[in-house]
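Following: one structure in structure tokens, then a few remarks.
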Amino acid sequence: MQFLLSRGSKSQSDEEIIARFNESGNPSYIGILFDRYAKLVMGVCLKYLKDEDDAADTTMTIFKKLLETLSNYDIRFFKSWLYTYAKNECLMKLRKAKPVIFSIDKVAFALAGEEDDEDRIDLPIEQLNAAIGSLKEDQRVCIEMFYLSSLSYNDISDKTGYSWKEIKSHIQNGKRNLRNMLTSTGNEK
3 MQFLLSRGSK SQSDEEIIAR FNESGNPSYI GILFDRYAKL VMGVCLKYLK DEDDAADTTM
63 TIFKKLLETL SNYDIRFFKS WLYTYAKNEC LMKLRKAKPV IFSIDKVAFA LAGEEDDEDR
123 IDLPIEQLNA AIGSLKEDQR VCIEMFYLSS LSYNDISDKT GYSWKEIKSH IQNGKRNLRN
183 MLTSTGNEK
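The sequence shown lines up with residues 3 to 191 when you count with our numbering.
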């Protein structure tokens, strides 16, 4: 059977192979795509992950995921789609691999206009989440939406019903309260 699949595969387009895979579910079709594009995916993974073993593992994971999810996508140009898919997988892996330490300067200090490294606080993300969680509800919601979710005042207003003035006030008071909580715990460098 493998011989029959590989014999005509060189003349088939990627889209034909994907259509046959979607019809039959035969993993050999993904094997054909692997043979064609493993080097491309490995190159993308090396570019982003900077580690050969990690890139090889991620390449295999990507093709394994294709077995499970390829039929969910409407793909017109497989090579460019696969490049983007691989890049996104690598970026998600990098995001998940970030260290547990989180710099508060983005949330509390840089956004308050104090970008000096001397005012920076490093602490476990759990402590930051606890501090944000202890804010008043309206302050917490506005801080999370504006700084952590990067929503605009208009988006926050649409979701919460707060006016622009209320949002601005909740954010300013929340930043001040957050800064006071974090600096009073003795975490300053």
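C-beta: ideal position from N, C-alpha, C; glycine also.
Proximity below 8 Å, CB of residue i to CB of residue j
i: Cys20; j: Phe80; result: Going by the sequence as given, residue 20 is Ile instead of Cys. Yes, they are a contact pair.
i: Leu184; j: Ala133; result: yes
i: Lys138; j: Met147; result: no
i: Arg84; j: Tyr50; result: The sequence shown places Leu at residue 84, rather than the Arg named in the question. Against a cut-off of 8 Å, the Cβ pair of Tyr50 and Leu84 comes out as no contact.
i: Gln141; j: Asn182; result: no
i: Ala88; j: Val143; result: no
Cβ shell of residue i (< 8 Å), same chain only, five flanking positions each side left out
i: Trp166; result: Tyr155, Ser159
i: Ile32; result: Phe23, Phe65, Leu68, Leu69, Leu72
i: Glu54; result: Leu48
Proximal residues to residue i (C-beta, below 7 Å), its chain only, five neighbours per side dropped
i: Thr60; result: Cys47, Leu51, Glu91, Cys92, Lys95
i: Asp56; result: none
Contacts around residue i, its chain only, beta-carbon distance under 6 Å, and the 5 residues preceding and following it disregarded
i: Ser171; result: none
i: Asp16; result: Phe80
i: Asn175; result: Gln141
i: Asp119; result: Any answer about Asp119 is weak, because its pLDDT of 46 lies below 50 and its placement is not dependable; what the coordinates show is given next. Closer than 6 Å at the Cβ level, and outside the excluded window around Asp119, lies no residue.
Distance cut-off 7 Å: residue i Cβ against heavy atoms of the ligand GTP
i: Thr86; result: No copy of the ligand GTP appears in this structure; indeed no ligand is present at all.
Cβ separation of residue i and residue j, assumed to be a contact under 8 Å, to the nearest whole Å
i: Ile145; j: Ile173; result: 6 Å
Among the options, the one whose alpha carbon lies nearest that of residue i
i: Gly135; options: Ala58, Lys12, Met62, Lys177; result: Lys177
i: Asn74; options: Leu150, Glu25, Leu153; result: Glu25
i: Gln14; options: Tyr149, Pro29, Ile34; result: Ile34
i: Ala150; options: Gly163, Tyr164, Leu130; result: The sequence as given places Leu at residue 150; Ala does not occur at that position. Leu150 has its Cα closest to that of Leu130, out of Gly163, Tyr164, Leu130.
i: Thr86; options: Ala58, Glu128, Gly45; result: Gly45
Unbroken stretches of the beta strand (DSSP E), 3 residues or longer, contained in the stretch 124-165: The stretch 124-165 contains these whole beta strand (DSSP E) runs: 124-126.
Within the stretch 25-54, note down every full alpha helix (DSSP H) run reaching 4 residues or more, in order along the chain. Within the stretch 25-54, the complete alpha helix (DSSP H) runs of at least 4 residues are 30-51.
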